[in-house]
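Novice: Sharing a structure below in structure tokens format, with a few things to ask.
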């Protein structure tokens with residue numbers, strides 16, 4: 022392509038001149054999207070880092086001081102909620118990702134067979150992922166998990182179990198249930214694509230050789246799926262670590278701090294406590310945690326890809 | 005990077021599933037789907053019928069009995085809750101959501117198509133770095149930027165303004181659209197482009213006249229997936245809007261506390277809130293996985 026050879030002809034000069042003389046159609050096409058993304062994501066993050074070094078509460082807008090790392094020190098040593106929010110975030114994210122993968126695997130295996138109405142079964146499986154998260158949270162909170170009128174407790178009482186007020190007694194587990202209901206279909210879609218890339222002949226040949234269902238799954242299907250599992254875990258973690266909707270709609274982080282995660286804590290500090298400095302410091306910490314997690318997961322992904 | 009699944013039109017899968025697997029699949033799928041079914045059923049009940057146990061989920065029109073006197077699992081359907089919700093001003097929330105969804109989709113389209121084209125055909129040297137730059141903006145948690153965004157929008161008088169959500173939802177969907185469109189563009193044989201270039205077509209003509217018509221299904225799926233995320237988005241909506249620019253998810257906040265006991269009305273609002281996206285998702289089903297995995301799984 023003509024544009025590519027043009028782009029390669031470098032002119033050693035001042036950076037700006039070099040950039041301009043190096044300008045190509047490709048850059049014109051890419052530039053608007055890059056500039057937009059830089060302005061709306063990268064610059065605000067730089068500002069977040071700056072705010073995190075300030076003592077600034079919106080309730081006292083005239084009193085802004087440089088505070089150095091005080092906000093970080095406060096969050097780590099003195100904030101009464103932070104340790105709980107951190108642990109809750111880790112439990113919610115890791116627990117939900119693993120449970121979603123297990124259910125997603127089961128759903129994918131069930132959809133990967135031929136029987137009447139498979140398309141309808143598949144459609145029913147993916148639907149929870151499409152439901153507006155605030156609506157699914159309200160549905161579970163009321164119609165499913167209400168201790169008096171909820172369907173889940175009705176079924177439990179049918180088999181002689183005591184009524185449980187899930188969102189009051191086991192708030193984090195209940196929220197995890199809502200999150201898994203939403204994300205298992207996502208894992209199913211990714212794992213199903215993986216299963217369908219494994220040729221039927223291999224599985225059938227194994228079956229002819231007398232391999233049992235469990236052996237077939239653990240020695241043929243599972244190793245083949247490892248990259249898809251990694252991809253699902255990576256994307257699932259990045260999204261679920263940001264979980265906010267279901268907590269806002271069900272427990273508002275309570276009772277106490279028992280279901281507060283980091284995004285919800287930041288929301289509270291930014292919009293209820295109106296502490297710009299502390300909310301920003303927490304925001305920076307969440308971004309750093311996310312980067313560490315993503316780096317680690319990408320490394321695992323790369324290692325597995327090489328190992329195959 | 006690309007993990008390619010073999011797509012076969014006949015539908016892959018193991019031949020003749022044992023009857024046990026078919027039954028298990030149907031039972032588990034129905035269990036998982038039940039909350040959705042129950043939500044829709046509840047939206048058609050009176051408030052008194054909404055809390056009847058054992059749960060009722062089969063509409064039985066024309067029977068005029070008290071909720072507890074109905075045959076098992078049935079209820080007398082009514083549309084009165086929908087009427088109430090619409091009378092309470094649900095419409096404007098839908099209107100604003102539509103403006104945000106359509107507006108951000110158009111912006112995403114304008115920004116992502118040229119960018120994805122240049123990246124797919126490697127027209128710039130740093131195409132790989134650029135792609136990973138976009139994925140990194142998707143991985144940036146919204147809480148990492150919400151404070152400055154709130155303060156900047158406040159200074160620009162954009163709080164509680166549709167424009168604020170337009171800007172944020174465009175950002176949110178841009179990386180998905182670029183990655184997804186790139187994966188569709190890469191499937192176009194390069195001789196098509198070379199032939200067009202020989203004919204003297206410039207880039208704008210090439211993209212609008214030749215490339216886009218070839219990827220229409222992919223383009224539609226990309227826009228559908230962006231629309232699903234924008235329609236359902238809540239964090240930016242609750243942080244940046246209050247009343248004048250509130251979208252459909254904001255309407256649901258009313259049911260968190262005081263209205264939480266009115267299940268039938270909650271269900272009617274919830275059904276109307278979720279239905280457009282559920283239908284869009286069913287239509288775009290085949291392409292869903294590609295969008296969710298940023299084009300990595302085909």
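Protein chains in written order, with the working numbering: chain A, 22 to 329; chain B, 5 to 302.
Don't be surprised by glycine CBs; every beta carbon is placed ideally from N, CA and C.
None of these values were measured; they are calculated from a predicted model.
(1) Under 8 Å: do the stretch 87 to 106 of chain B and the stretch 200 to 213 of chain B share three or more Cβ pairs, one atom per stretch?
(2) Return the first residue and the last residue of the alpha helix (DSSP H) that residue 245 of chain A is part of.
(3) Expressed to the nearest angstrom, what Euclidean distance is found between the alpha-carbon atoms of residue 47 of chain A and residue 122 of chain B?
(4) So which of B:139, B:71, B:225 and B:40 has the shortest CA-CA distance to residue 160 of chain A?
(5) Among the candidates A:232, A:286, A:93 and A:134, whose CA atom is the shortest distance from the CA of residue 150 of chain B?
(6) Fully enclosed by the stretch 87 to 114 of chain A, which alpha helix (DSSP H) runs are 4 residues long or longer?
(7) Show which residues of chain A have a CB atom less than 7 Å away from the CB atom of residue 236 of chain B.
(8) Between residue 255 of chain B and the rest of its own chain, which residues show a CB-CB distance below 8 Å, the 5 nearest in sequence each way excluded?
(9) Which same chain residues, not among the five before or five after residue 266 of chain B, have their C-beta less than 7 Å away from its C-beta?
(10) Using the C-alpha atoms, what's the distance from residue 186 of chain A back to residue 92 of chain B?
(11) Return the bridge partner residues of residue 63 of chain B from the DSSP annotation.
(12) Any C-beta of chain B sitting closer than 7 Å to the C-beta of residue 146 of chain A?
(13) CA-CA distance, residue 60 of chain B and residue 194 of chain B?
(14) Within 10 angstroms of the Cβ of residue 313 of chain A, are there 16 or more other Cβ atoms? Answer buried if so, exposed if not.
(15) Starting from the Cα of residue 241 of chain A, find the closest Cα among A:316, A:218 and A:118 and give me that residue.
(16) Compare the beta carbon distance of residue 258 of chain A and residue 204 of chain A with 7 Å and say whether it is the shorter of the two.
(17) Consider the Cβ of residue 263 of chain A: report whether some Cβ of chain B lies at a distance smaller than 7 Å.
(18) Would you list the residues sitting across from residue 115 of chain B in a DSSP beta bridge?
(19) If you check the beta carbons only, do residue 288 of chain B and residue 186 of chain B fall under 7 Å apart?
(20) By DSSP, does residue 75 of chain A sit in helix, in strand, or in coil?
(21) Taking the beta carbon of residue 222 of chain A as the centre, do at least 16 other beta carbons fall within 10 Å, making it buried, or is it exposed?
(22) Return the CA-CA distance between residue 220 of chain B and residue 253 of chain B, expressed in angstroms with no decimal places.
(23) Tell me where the alpha helix (DSSP H) around residue 45 of chain A begins and ends.
(24) Can you grab the Cα-Cα spacing for the pair residue 311 of chain A / residue 144 of chain B, in whole Å?
(25) What's the gap between the Cα of residue 45 of chain A and the Cα of residue 127 of chain B?
(26) Measure how close the beta-carbons of residue 154 of chain A and residue 236 of chain B come, nearest whole angstrom, since I'm counting them as under 8 Å.
(27) Do you know offhand how far residue 29 of chain A's Cα is from residue 119 of chain A's?
(28) Any beta-carbon of chain B closer than 7 Å to the one on residue 126 of chain A?
(29) Please confirm if the stretch 130 to 138 of chain A is in contact with the stretch 18 to 38 of chain B, defined as three or more CB-CB distances below 8 Å between the two stretches.
(30) Can you confirm whether residue 31 of chain A, when its beta carbon is compared against all beta carbons of chain B, has any partner nearer than 7 Å?
(31) Among residues of its own chain, excluding the 5 on either side of residue 147 of chain A, which ones have a beta-carbon nearer than 8 Å to its beta-carbon?
(32) As an exercise, report each continuous alpha helix (DSSP H) stretch of at least 4 residues that is fully enclosed by the stretch 165 to 243 of chain B, in chain order.
(33) Is residue 281 of chain B closer than 7 Å to residue 229 of chain B when the C-beta atoms are compared?
(34) Would you call the CB atoms of residue 294 of chain A and residue 79 of chain A closer than 7 Å?
(35) Pull up the distance between the alpha-carbon of residue 94 of chain A and that of residue 298 of chain A, whole angstroms please.
(36) Can you name, in chain order, every residue of its own chain whose Cβ lies under 8 Å from the Cβ of residue 84 of chain B, other than the five neighbours on each side?
Specialist: Walking through what the data contain:
(1) Touching, no, given that fewer than three Cβ pairs across the two stretches are closer than 8 Å.
(2) Here the alpha helix (DSSP H) through residue 245 of chain A covers 243 to 261.
(3) 5 Å
(4) When C-alpha distances from residue 160 of chain A are compared across B:139, B:71, B:225 and B:40, the shortest belongs to B:40.
(5) Nearest C-alpha to residue 150 of chain B: A:286.
(6) Runs of the alpha helix (DSSP H) inside the stretch 87 to 114 of chain A: 91 to 94.
(7) Result: 153 and 154.
(8) 94, 97, 273 and 277
(9) Taking C-beta separations shorter than 7 Å and ignoring five residues to either side along the sequence, the partners of residue 266 of chain B in its chain run 51, following chain order.
(10) 31 Å
(11) B:79
(12) yes
(13) 58 Å
(14) exposed
(15) A:218
(16) no
(17) Yes - at least one Cβ of chain B is within 7 Å of the one on residue 263 of chain A.
(18) For residue 115 of chain B, which the question treats as bridged, DSSP gives no partner whatsoever.
(19) Residue 288 of chain B places its beta carbon 7 Å or farther from that of residue 186 of chain B.
(20) Residue 75 of chain A: strand per DSSP, three-state reduction.
(21) exposed
(22) 30 Å
(23) No alpha helix (DSSP H) contains residue 45 of chain A, which DSSP labels as neither H nor E.
(24) 8 Å
(25) 8 Å
(26) 6 Å
(27) Because the pLDDT of residue 29 of chain A is 47, which lies under 50, any placement of that residue in the model is unreliable, and the number read from its coordinates should be weighed accordingly. Roughly 46 Å separates the two Cα atoms.
(28) no
(29) yes
(30) Unreliable placement is indicated for residue 31 of chain A, whose pLDDT of 47 sits below 50; no coordinate value is reported for it.
(31) Around residue 147 of chain A: 206, 209 and 210.
(32) Runs of the alpha helix (DSSP H) lying entirely within the stretch 165 to 243 of chain B, each at least 4 residues long, are 166 to 189, 194 to 202 and 220 to 236 in chain order.
(33) no
(34) Between residue 294 of chain A and residue 79 of chain A, the gap from beta carbon to beta carbon reaches 7 Å or more.
(35) Approximately 12 Å, taken between the alpha carbons.
(36) 50
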